[in-house]
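Note that the sequence shown covers residues 1 to 281 in the UniProt record's numbering. Input: a single structure, listed below in structure tokens.
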Amino acid sequence: MAVAVMTVSLISRLSSLSLNFNTRRLVAKGIRQSLSHKTIALFSTSTSSDGTTSASGGLHQQVTLTPGATYESELIVKKSTFIALARHVSCWTDAQAFIEQTKIDHPKARHWCSAYRGVVVVDSQDNDSKSVGGSNSSTVITERCNDDGEPSSTAGQPILNALQTEGDLVNVVCVVVRYFGGIKLGAGGLIRAYGGAARQLLRESPQDIVIPTTTFVVKGISAKYVGSVYDCVSKFGGSTADETYDDDTGDLTVSITCEWSCKEQIQDSLNDATRGSVEIL
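What follows is the structure, encoded as structure tokens:
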């Protein structure tokens, strides 16, 4: 997905760090399978025969953690230490790698409970993953959480709730590591501890607004409409690239990138400005 990112934190952006994990070690150790997994739509919904829920509508701006760093905080509850760690990830595979790396970094912990929320662009006709830009594209949020041996819904779900309520974060994985202190907390205590550790961390971590963009191509722009086309692009804050001219007709072909929310408006304006003489791909 092509995105434009606007930083909303006063904390300066940290330099980008890659997930440098040992793939062979991850495969050998594996990921625990007690995962709760669901997909929810951002707008109006429809459900396919396989039970997947998809959104009908366009894309809107999203909020994520500032990329390039792992954020960490600690909460102590009745002698148990809860260490929350979170970072921006681009996909579930990266989230799994982060969860596994956390287990490697904290081998003496009792539990490594986690939650993930990620945005996926799908085609509303066949529900396959697509790049942004198709007229049938829409976004869905995939959510996963893992209690990792704690009583059902006392750990992973509270962490997931924190991702939902502390900024409606997407493309973020959060792991809460528990070092047991010898005192049982009960279901209510666990929910408060895991959820509280995650919320404390997410409130302190810098966040970015991510604005989805789309790119399309306009062909057959005659010389008399070239200025009008560039005016339309500028009016809606778009940008142009890959300008080429036909050797025979002299017509211009140009690639245009704009915010997803402006796509239909800018295409309508281009058709009006050129009297419908151009081809939009």
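We put the beta carbon where it would ideally sit given N, CA and C, even for glycine. Please read these numbers as outputs of a predicted model, since none were measured by experiment.
Can you give me the C-alpha to C-alpha distance between residue 83 and residue 159, rounded to a whole angstrom?
For the purposes of this step, residue 83 is taken as residue 83 along the sequence shown, with counting starting at 1. For the purposes of this step, residue 159 is taken as residue 159 along the sequence shown, with counting starting at 1. Their backbone Cα atoms lie some 12 Å apart in a straight line.
As an exercise, report each continuous alpha helix (DSSP H) stretch of at least 4 residues that is fully enclosed by the segment 176-263, in chain order.
Runs of the alpha helix (DSSP H) inside the segment 176-263: 186-204, 226-235.
Give a yes or no on whether the C-beta atoms belonging to residue 108 and residue 183 are separated by under 8 Å.
In the sequence shown, counting from the first residue as 1, residue 108 sits at position 108. In the sequence shown, counting from the first residue as 1, residue 183 sits at position 183. The answer is no: Cβ separation not under 8 Å.
Counting Cβ pairs, one atom from each stretch, are 3 or more of them under 8 Å apart for the segment 257-271 and the segment 200-217?
Short answer: they touch.
Answer with buried or exposed for residue 128, where buried requires no fewer than 16 other C-beta atoms within 10 angstroms of its C-beta.
In the sequence shown, counting from the first residue as 1, residue 128 sits at position 128. Here the model assigns residue 128 a pLDDT of 43, short of 50, so the residue's position is not dependable and the matter cannot be decided.
Taking the alpha helix (DSSP H) that residue 93 belongs to, which residues open and close that run?
The sequence position of residue 93 within the sequence shown is 93, counting from 1. In this chain, the alpha helix (DSSP H) harbouring residue 93 covers 92-105.
Identify which residue in 273, 262, 69 has its Cα closest to the Cα of residue 239.
As a first step, residue 239 must be located in the sequence shown, where it is residue number 239. Looking at 273, 262, 69, the one whose alpha-carbon comes closest to that of residue 239 is 262.
State the Cα-Cα distance for the pair residue 234 and residue 171, rounded to the nearest angstrom.
Counting from 1 along the sequence shown, the entry for residue 234 is found at position 234. Counting from 1 along the sequence shown, the entry for residue 171 is found at position 171. Rounded to the nearest angstrom, the two C-alpha atoms are 30 Å apart.
DSSP state of residue 274 mapped onto helix, strand, coil
Counted from its first residue, the sequence shown places residue 274 at position 274. Look at residue 274 here: in three-state DSSP terms it is coil, with no helix or strand label.
When the Cα atoms are used, what is the spatial distance from residue 98 to residue 118?
Looking up residue 98 in the sequence shown gives position 98. Looking up residue 118 in the sequence shown gives position 118. Each residue's alpha carbon lies about 14 Å from the other.
Compare the Cα-Cα distances from residue 64 to each of 76, 85, 90 and report the closest residue.
Position 64 of the sequence shown, counted from the start, is the residue given in the question as residue 64. Among 76, 85, 90, the Cα nearest to that of residue 64 is on 90.
Secondary structure at residue 86, three-state DSSP: helix, strand or coil?
Here residue 86 refers to the residue found at position 86 of the sequence shown. When secondary structure is reduced to three states using DSSP, residue 86 falls in the strand class.
Relative to the alpha-carbon of residue 111, which residue among 140, 180, 186 has its alpha-carbon at the smallest distance?
Within the sequence shown, numbered from 1, the residue matching residue 111 stands at position 111. Comparing Cα positions, the closest option is 180.
Across which residues does DSSP place residue 76 in a beta bridge pair?
Counted from its first residue, the sequence shown places residue 76 at position 76. Note: residue 76 sits in a beta bridge opposite 81.
Is DSSP giving residue 160 helix, strand or coil here?
Against the sequence shown, residue 160 aligns to sequence position 160. Note: residue 160 maps to helix in three-state DSSP.
With 8 Å as the threshold, decide whether the Cβ of residue 264 is near any Cβ in chain B.
Chain labels in this structure do not include chain B; a single protein chain is all it has.
Pick out whichever of 219, 155, 72, 102 has its Cα sitting closest to the Cα of residue 242.
The residue given as residue 242 occupies position 242 in the sequence shown. The residue with the shortest Cα to Cα distance from residue 242 is 219.
8 Å Cβ cutoff met for residue 274 and residue 205:
Stepping through the sequence shown from its first residue, residue 274 is reached at position 274. Stepping through the sequence shown from its first residue, residue 205 is reached at position 205. In this structure, residue 274 keeps its C-beta atom at 8 Å or more from the C-beta atom of residue 205.
Per DSSP, the bridge partner or partners of residue 117
Taking the first residue of the sequence shown as position 1, residue 117 is located at position 117. In the DSSP assignment, residue 117 forms a beta bridge with 143, 172.
Cα-Cα, which of 174, 187, 224 is closest to residue 203?
Locating residue 203 in the sequence shown gives position 203, counting from the first residue. Among 174, 187, 224, the Cα nearest to that of residue 203 belongs to 174.
Under three-state DSSP, which class holds residue 62?
Counted from its first residue, the sequence shown places residue 62 at position 62. Secondary structure of residue 62 (DSSP, three-state): strand.
Please name the residue, chosen from 68, 73, 245, that lies closest to residue 195 on a Cα-to-Cα basis.
Walking along the sequence shown from the start, residue 195 turns up at place 195. Answer by Cα proximity: 73.
Three-way DSSP call (helix, strand, coil) for residue 279 in this model:
Locating residue 279 in the sequence shown gives position 279, counting from the first residue. Here residue 279 sits in strand by DSSP.
Quick check: what's the CA-CA separation for residue 71 versus residue 116?
Here the question's residue 71 lines up with position 71 in the sequence shown. Here the question's residue 116 lines up with position 116 in the sequence shown. It is roughly 15 Å from the alpha-carbon of residue 71 to the alpha-carbon of residue 116.
Have a look at 251, 88, 188, 226 and flag the residue whose alpha-carbon is nearest the alpha-carbon of residue 62.
Position 62 of the sequence shown, counting from 1, holds the residue named residue 62. Of the candidates 251, 88, 188, 226, the one whose C-alpha sits nearest the C-alpha of residue 62 is 88.
Taking its Cβ as the centre, do 16 or more other Cβ atoms sit within 10 Å of residue 76, making it buried, or is it exposed?
If you number the sequence shown from 1, residue 76 lands on position 76. Residue environment: residue 76 is assigned as exposed (fewer than 16 neighbouring CB atoms within 10 Å of its CB, all protein chains considered).
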